[in-house]
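Going by numbering that gives the first Met the number 0, the first residue of the sequence shown is number 0, and it counts up by one from there. Quick notes on the structure that follows.
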Amino acid sequence: MATGAQALLQTLVGAGVTTCFTNPGTSEMHFVAALDQVPEMHAVLTLFEGVATGAADGYARMTGRPAATLLHLGPGLGNGLANLHNARRAQVPLLNIIGDHATYHVPFDAQLQSDIETVARNVSPHWVRTATSTLTLTRDATDAIAAACGPPPRIATLIVPADVSWGEGAEPVQPLPLAPAPPADGNVIGEIRGVLGAGHRTALLLGGAALHGTALRTAGRIAVATGAKLFAEVFPARIERGTGLPQVERIAYFAEMVAAQLAGFQHLVLVDTSAPVSFFGYPGKKSYLVPDGCRVHQLCHDTDDVAASLAALADAVGAPRQTTPGHPPSGQVPASQQPAGVRPGNGPLTADSVCRTVAALLPHGAIVSDEALTSGSTFAAASAGAPPHDVLTLAGGAIGQGLPVAVGAAIACPDRPVIALEADGSAMYTIQALWTMAHENLDITVVILNNRSYGILNVELQRVQASAAGPRATAQLDLGNPNLDFVSLGTGLGVPSVRSTTTFEFAAQLANALAEPGPHLIEAVIPQVFTGRKLRALPYALRAMESLPAPLAKAVKRRIAP
């Protein structure tokens, strides 16, 4: 006769949930003990709950399937909350399993007692349940998995009291059938076909599932057939890029740049995303970024089959079918990236030379977890013609995602190299992820761009027009004194680590790391582009921040200067 924990694990595995990122405590010990009886479950230990939740996010982005997290009571959930926020914004399937006190212990209000359900609803608003019986626990689990898988994919949270976990008499159950997602309504397809065929300046704004796989390639066919411009949301959860893939320009971070990008468009078609809004509210600046006079059309929502919706639209507009990947039929102009022949950076080591070097050495099929923020801002432009690769970005804006997401992606795709482009400040939020990389021997190359500053906040300090921001204010954005030593940190957490101060050093170290399986860390020491409150190179910063084409960057340079 199985315990609740044993039957729970068997039910998860039977439903295809075979990976669990853990940071357990006393209330979860029966779940931990049951791992020996269910070897099909791959349990990945993390040293901090924010690593577990971020890794589950990265895993789901690459597989489309939920991983589980195992968290300890309300405080454990609280520690993982920021990366659960990112996962919610990335719209990935994810299953939180949270241990709780035994039901009979709750009335005593012990030190770790808290209202877990209230905390969970911040990131799991559509499905939170506390199991009440060992006999019904596995049915609760199948309900949670179905809720996580959707449509739309979501975070589901199952709270398991300790006595429900250790109780006996539980039986595993078969997974529930998943509801199929429908394609877009035919009337909507007809309306958008009319827009695309009317000769108006039209753009498709792609998000979510529209930015990879068949859906992305179909969007490229539509662009070829109609002349529509393809945009991507500002921080895609996952975007496929590189040679032979459709050209997609990411919407900019700064509202002024978005205004320049969307100027003149008469129609904006949303595909698995929403209309662009400013990341923050700024004095005297707009929040809603669709230009006046531009009509917005929603092709499909997150409850729809995105690939099927785009395929129906492609058929409606007569988009030609590609007979060979990357080679459209004769007479059609490909809307795809061409090999760029990017050369490694040269001269002094800078953020730009790091990005160009990574782009030049990027392996085929690489996965890039990009949380380099200001320092990684030229990577998108440099890598446009690199071999095909995936990029995972900061979907929810809560920093500390990059290293854990790299862990999850590497677990999901063990045959693909992973590169984590990481800013120094954001790395410190979840630096414990390095230990899991070493513990699991994951093929991840971590590049820390260390400019000893919260660079993005120097920009934001100017943009919010904060008055009288003197040395005490700017000191809050300075990560020197003492300098962070990532070589010591990485080595101490089990990852072979080196430091580069020249481009030549960095290129050699990166090539070596990519050639040798397993985790590696390179600390790239780069100069700041800030002096106090002033940008030393404003045109570079503008152009780099969004990787916009040079003419567009030039057009908005005056508009964005504070």
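From the three backbone atoms N, C-alpha and C, an ideal C-beta is built for every residue, glycine too.
DSSP state of residue i mapped onto helix, strand, coil
i: H125; result: coil
i: H296; result: strand
i: N22; result: coil
i: E116; result: helix
i: D314; result: helix
i: E421; result: strand
i: G591; result: The shown model of the chain, from 0 to 561, leaves out residue 591, and the question about it has no answer.
i: A394; result: coil
i: Q221; result: Checking the displayed sequence, the identity of residue 221 turns out to be Ile instead of Gln. Of the three classes helix, strand and coil, the one that applies to I221 here is helix, per DSSP.
i: L76; result: helix
i: R237; result: coil
i: T490; result: helix
i: V268; result: strand
i: P568; result: Given that the chain is displayed from residue 0 to residue 561, the structure contains no residue 568 and the question cannot be resolved.
i: N186; result: helix
i: T499; result: At residue 499 the sequence reads Ser, which differs from the Thr that was named. It is a strand residue.
i: E39; result: coil
i: P403; result: helix
i: I250; result: coil
i: Y281; result: coil
Buried versus exposed call for residue i [16 or more other C-beta atoms within 10 Å across all chains shown]
i: F279; result: exposed
i: P275; result: buried
i: Y287; result: exposed
i: E515; result: exposed
i: R237; result: buried
i: T18; result: buried
i: L8; result: buried
i: Q36; result: exposed
i: S374; result: buried
i: V105; result: exposed
i: T117; result: exposed
i: G207; result: buried
i: D108; result: exposed
i: D414; result: exposed
i: L70; result: buried
i: N186; result: exposed
i: Y58; result: buried
i: Y103; result: exposed
i: N440; result: exposed
i: P38; result: exposed
Cα-Cα separation between residue i and residue j, rounded to whole angstroms
i: A507; j: I221; result: 42 Å
i: L483; j: F378; result: 24 Å
i: H125; j: L175; result: 18 Å
i: E248; j: F230; result: 5 Å
i: W434; j: P518; result: 10 Å
i: A101; j: I521; result: 46 Å
i: N78; j: G3; result: 26 Å
i: H266; j: F253; result: 21 Å
i: I250; j: A6; result: 46 Å
i: A397; j: C299; result: 27 Å
i: R294; j: E190; result: 12 Å
i: V223; j: R355; result: 29 Å
i: R498; j: K284; result: 41 Å
i: L204; j: Q112; result: 45 Å
i: I82; j: L391; result: According to the sequence as given, residue 82 is Asn; it is not Ile. Distance between the alpha carbons of N82 and L391: 14 Å.
i: V289; j: E232; result: 13 Å
i: T21; j: V486; result: 26 Å
i: R88; j: I154; result: 10 Å
Sequence-distant residues of the same chain with beta carbon closer than 6 Å to residue i, five excluded per side
i: T217; result: L309, A310, A313
i: G149; result: none
i: S329; result: Since pLDDT at S329 reaches only 36, below the 50 mark, its modelled position is unreliable, and the value read off the structure follows with that caveat. Nothing listed; no residue qualifies.
i: A1; result: A169
i: I158; result: I97, D99, I115, T129
i: A426; result: I447
i: A512; result: T444, H519
i: I188; result: A311, L312, A315
i: E239; result: H211, L215, D389
Contacts around residue i, its chain only, beta-carbon distance under 8 Å, and the 5 residues preceding and following it disregarded
i: G346; result: S352, T502
i: I430; result: L402, L488, L492
i: G292; result: Q265
Test: residue i CB closer than 9 Å to a CB of chain C
i: V305; result: Reference to chain C is not applicable here, since this structure consists of a single protein chain.
Contacts around residue i, its chain only, beta-carbon distance under 7 Å, and the 5 residues preceding and following it disregarded
i: L361; result: S382, A385, P386, H388
i: C412; result: M61, I366
i: R138; result: V172
At least three beta-carbon pairs within less than 8 Å, the stretch 24–34 to the stretch 46–56: Result no; under three Cβ-Cβ pairs closer than 8 Å.
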